[in-house]
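Novice: So that we are looking at the same thing, I have put the structure below in structure tokens.
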Amino acid sequence: MSENPVEGSSEKTLPRAAIIEMMAKNFERLPDTDQKLFIYGPLYLGGNGALAGLVANSFYRRALNVRQAPFTSSLPMAVLPFLTTVALYNATVSKPLMSGDLNCPTCALMRGALVGVVGGGLYPILLALPVNIGLASRYNTTPMPEKGNVLRYWVDLSRPILRKMRAVLLLQAFFGIFLSSRHFETYTKLAQITVGSGAEELKE
Numbered sequence: 022m023s024e025n026p027v028e029g030s031s032e033k034t035l036p037r038a039a040i041i042e043m044m045a046k047n048f049e050r051l052p053d054t055d056q057k058l059f060i061y062g063p064l065y066l067g068g069n070g071a072l073a074g075l076v077a078n079s080f081y082r083r084a085l086n087v088r089q090a091p092f093t094s095s096l097p098m099a100v101l102p103f104l105t106t107v108a109l110y111n112a113t114v115s116k117p118l119m120s121g122d123l124n125c126p127t128c129a130l131m132r133g134a135l136v137g138v139v140g141g142g143l144y145p146i147l148l149a150l151p152v153n154i155g156l157a158s159r160y161n162t163t164p165m166p167e168k169g170n171v172l173r174y175w176v177d178l179s180r181p182i183l184r185k186m187r188a189v190l191l192l193q194a195f196f197g198i199f200l201s202s203r204h205f206e207t208y209t210k211l212a213q214i215t216v217g218s219g220a221e222e223l224k225e
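Okay, structure coming up:
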């Protein structure tokens with residue numbers, strides 16, 4: 022982690038709380054496109070996660086011959102990945118940027134990619150498995166394995182679905198990288214604005 026760019030702007034330094042407050046105030050001075058992308062960008066990533074959940078749910082339903090309760094299984098597969106991805110991104114990228122705790126561009130890109138792959142890709146796939154296994158067991162749509170072979174059965178069932186979902190995982194990683202790179206650019210602009218206003222306050 023490098024030093025906060027605002028703190029390095031003068032021999033005298035502003036308190037950390039003051040810097041965070043100034044960045045929050047100066048956020049409104051950014052271009053509208055930067056503001057909207059920073060605020061609503063995680064929602065798009067979460068939307069992709071919801072779509073991945075619906076796709077994974079569809080694959081598992083076909084593999085297990087489940088035709089019952091389509092709405093009941095689809096609703097959590099859309100809502101939970103959406104909420105999880107948005108929360109993860111805000112907690113690991115957006116909030117650390119706004120608080121000055123994330124000053125490394127490579128770290129920001131890696132965090133964005135991981136959130137996209139894990140929260141918006143792997144999590145929906147892993148969530149769809151028990152949901153549809155439960156439905157298949159309840160409605161007897163396919164023979165269930167014996168107790169000793171459950172894990173092997175799950176792995177064999179998921180392997181072809183994971184292969185089909187590789188494109189989705191790559192797309193989520195790419196979008197996570199793109200979004201975090203744009204957010205870091207926004208943070209850089211915000212830091213430059215705050216440096217100027219911070220220097221003026223120190224002179225006064």
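This note's numbering puts the first residue of the sequence shown at 22, with every later residue one more than the last.
Virtual Cβ for every residue (Gly too), placed ideally from N, Cα, C.
Kindly list the residues whose CB is nearer than 6 Å to the CB of E225, restricted to its own chain and excluding five residues on each side of it in sequence; keep chain order.
Specialist: Unreliable positioning characterises E225 in this predicted model, as indicated by a pLDDT of 49, which lies under 50. A coordinate reading is not provided.
Novice: Does the region 41 to 57 come within contact of the region 144 to 158, defined as at least 3 CB pairs closer than 8 Å?
Specialist: The region 41 to 57 vs the region 144 to 158: no contact.
Novice: For N124, which of helix, strand or coil comes out of DSSP?
Specialist: Coil at N124, not helix or strand.
Novice: Roughly how many whole angstroms lie between the Cα atoms of T17 and Y144?
Specialist: A question about residue 17 goes unanswered here, because the residues of the chain that appear run from 22 up to 225.
Novice: At what residues does the alpha helix (DSSP H) containing R83 begin and finish?
Specialist: Unbroken alpha helix (DSSP H) run through R83: D53 to A84.
Novice: Just the C-alpha distance for F196 and Y160, rounded to the nearest angstrom, thanks.
Specialist: Answer to the nearest angstrom: the Cα atoms are 38 Å apart.
Novice: Would you kindly work out how many angstroms separate the C-alpha atoms of G140 and A39, rounded to a whole number?
Specialist: In a straight line, the C-alpha of G140 is about 33 Å away from that of A39.
Novice: Checking 8 Å against the spacing of the C-beta atoms, do S201 and G133 come in under that value?
Specialist: Cβ distance < 8 Å, so S201 and G133 count as in contact.
Novice: In this structure, does DSSP put E225 in helix, strand or coil?
Specialist: With a pLDDT of only 49 at E225, under 50, the local geometry of the prediction cannot be trusted, and the value read off the model is given with reservation. Here E225 sits in coil by DSSP.
Novice: Quick one: is A212 buried, meaning 16 or more other Cβ sit within 10 Å of its Cβ, or exposed?
Specialist: Buried, by the Cβ-count rule.
Novice: Whole angstroms are fine: how far does the CA of N124 sit from the CA of V27?
Specialist: In this predicted model, V27 has a pLDDT of only 48, less than 50, meaning its place in the structure is not dependable; the value taken from the coordinates is given anyway. Roughly 11 Å between the two C-alpha positions.
Novice: If we call anything under 8 Å between Cβ atoms a contact, is A99 one with G137?
Specialist: Result no, Cβ atoms of A99 and G137 do not sit closer than 8 Å.
Novice: Is the region 174 to 187 in contact with the region 104 to 118, if contact means three or more CB pairs nearer than 8 Å?
Specialist: Output reads no: the region 104 to 118 does not touch the region 174 to 187.
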